[in-house]
Amino acid sequence: MARLTIKGISKSFGFSHAVSDVSLDVEDGELVCLLGPSGSGKSTLLRMIGGFEAPTAGKILIDAKDVTSTPPERRPTGMVFQSHALWTHMDVFDNIAFGLKLRRLPKIEVLERVEQALALVGLADYGKRMTTQLSGGQQQRVALARSLVLEPKILLLDEPFASLDQHLRERLREEVRDIQQRLGITTLFVTHGQDEALALADRIVVMRDGHIEQIGPPDHIYREPETEFVAGFIGSMNFIRTIVKNGLSQHSAFPLPVPIADGEVVLAVRPESLSLAAATGKPCGFVHRSIDFGTHKVVDVDLSDGARVKAMTSSSSDWKRGTPVELGATASRVFRDNRLVYEFTSDPSRQNDRVFGHV
Ligand SMILES: Nc1ncnc2c1ncn2[C@@H]1O[C@H](COP(=O)(O)OP(=O)(O)O)[C@@H](O)[C@H]1O
Ligand SMILES: [Mg+2]
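Numbering (this note's numbering), first residue to last: 2 to 360.
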């Protein structure tokens, strides 16, 4: 159990800035997901926390102790990588026992701790197997056990299940969540999959081009994205490009009041915030297709300006291709130059019509 503090960390490789001025506090026992597209600096940040990469600037503290220049083996961290680097000439037991033997622990204690670790990852009877006789999922469990057996205060996982199929990945991430909660171990989990982050995290850190775009609990990131990038990165989102003139969006299908300075904006509307009705007057667009997900339907609508939007409807509704429709947005976040400038919602339980910053 430990608290992690990252203060203004940066890392450059020549002229490329892999991580730029990142600050983050991770609470004792918290699971934080680093989420971002490939190349956004997630692995570099994690490797600096583990001590495998030296920062160009900034500090890393674990339980208020500065570990910025402490080598990896002397940090209270354990790291699991995407591609398991297990030793193929050793059996599972010896792979897990390796780090304990280096620490010269008594044999009986090594035995006990390896057996505990194996049980923890659901491989109780696998000690004598060679690692080459294991499936990909089992190999990743061994890699996890090998980290956990050293009882790190902070667990660092870099896309540990990315090479596995989706079904197995979902099962293993639930197991990791269970183990993490049982041990109360502070954990950073790198992923580029939004589902994985939404399912696992106490908080999500959305990264882009080496900086933090937004930090927050999953529902907050989903419902209150602070930038256009975050709005588009998590969940399904309709982006409608339009121009504001005299406080009104000029888009024919979305003539919403937007009380900000004139200029270009992007309206971001979730499919569940887009209502659909058969057109009585001039239609906003025409149904392209409707997909039935059992619990709900998603209807693609082609707008007259060529854009296509998605609306979520009940599973009992029936929208045939070519049907002329009207659209209404019950909530929208409005972005200009990636920044949130206005929020509109007709939900009375939430604050209405907020203007953000200076625009
Ligand atoms: N050892 C390295 N040398 C040079 N550039 C690197 C090195 N490691 C990472 N980078 C660069 O830093 C950026 C961030 O990489 P990385 O942290 O691996 O991103 P992610 O894990 O989010 O995909 C990328 O542009 C990558 O090419
Ligand atoms: Mg990476």
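Backbone N, C-alpha and C define an ideal beta-carbon position, used for all residues, glycine too.
Fair warning: this is a prediction, and the values are worked out from it, not measured in the lab.
Check, Outcome
"Contact belief for residue 26 with residue 6 at Cβ below 8 Å, rounded distance in angstroms", "5 Å"
"Candidates 142, 36, 291, of which the one nearest residue 124 by Cα", "142"
"Near ligand 1: residue 40 beta-carbon under 7 Å from a heavy atom", "yes"
"For residue 257 and residue 275, believed in contact at Cβ under 8 Å, the rounded distance", "That belief does not hold up - the Cβ atoms of residue 275 and residue 257 are roughly 12 Å apart, past 8 Å."
"Start and end residues, beta strand (DSSP E) containing residue 346", "340 to 346"
"Cβ pair residue 361, residue 33 closer than 8 Å", "It is not possible to answer for residue 361, since the shown part of the chain is limited to 2 through 360."
"Proximal residues to residue 334 (C-beta, below 7 Å), its chain only, five neighbours per side dropped", "226, 232, 269, 341, 344"
"Cβ-heavy atom distance, residue 210 to ligand 2, below 7 Å", "no"
"Residue 96 - containing alpha helix (DSSP H), residue span", "93 to 103"
"Bridge partner(s) assigned by DSSP for residue 325", "287"
"heavy atom of ligand 1 below 7 Å from residue 51 C-beta", "no"
"Whole-angstrom distance between residue 56 and residue 71, CA atom to CA atom", "12 Å"
"Presumed contact (8 Å Cβ cut-off) between residue 312 and residue 241, rounded CB distance", "Not really, about 12 Å apart at Cβ, beyond 8 Å."
"beta-carbon residue 37 near ligand 1 non-hydrogen atom, thresh 7 Å", "yes"
"Straight-line gap, residue 360 to residue 166 (C-alpha atoms, nearest Å)", "Its pLDDT being 47, under 50, residue 360 is placed unreliably by the model, and the measurement read from it follows with that caveat. Approximately 46 Å, taken between the alpha carbons."
"With 16 other Cβ atoms within 10 Å as the buried cut-off, status of residue 10", "buried"
"Buried or exposed by the 16-neighbour rule on C-beta atoms within 10 Å, applied to residue 3", "buried"
"Neighbourhood of residue 217 by C-beta, 8 Å cutoff - its chain only, sequence neighbours within 5 removed", "204, 205, 225"
"Per-residue DSSP class, three states only, for residue 222", "helix"
"Endpoints, beta strand (DSSP E) assigned at residue 141", "From DSSP, residue 141 is part of no beta strand (DSSP E) but of the alpha helix (DSSP H) over 137 to 149."
"Which of helix, strand or coil DSSP assigns to residue 77", "coil"
"Cα-Cα separation, residue 96 to residue 78", "18 Å"
"8 Å Cβ cutoff met for residue 130 and residue 93", "yes"
"Whether residue 51 touches residue 73 by CB criterion (8 Å)", "yes"
"Environment of residue 159 [buried if 16+ CB atoms lie within 10 Å]", "buried"
"Through-space distance from residue 105 to residue 12, alpha-carbon basis", "35 Å"
"Residue 252 versus residue 284: straight-line alpha-carbon distance, rounded", "13 Å"
"Per-residue DSSP class, three states only, for residue 242", "strand"
"Run of the alpha helix (DSSP H) containing residue 46, from where it starts to where it stops", "43 to 51"
"Contact under 8 Å by Cβ, residue 223 with residue 213", "no"
"Option in 61, 328, 37 with minimal Cα separation from residue 369", "Past the edges of the chain, shown from 2 to 360, lies residue 369, and the structure says nothing about it."
"For residue 360, three-class secondary structure by DSSP", "Because the pLDDT of residue 360 is 47, which lies under 50, any placement of that residue in the model is unreliable, and the question is left without a value."
"Residue 44: CB within 7 Å of a non-hydrogen atom of ligand 1", "yes"
"Length of the line joining the Cα atoms of residue 101 and residue 163", "28 Å"
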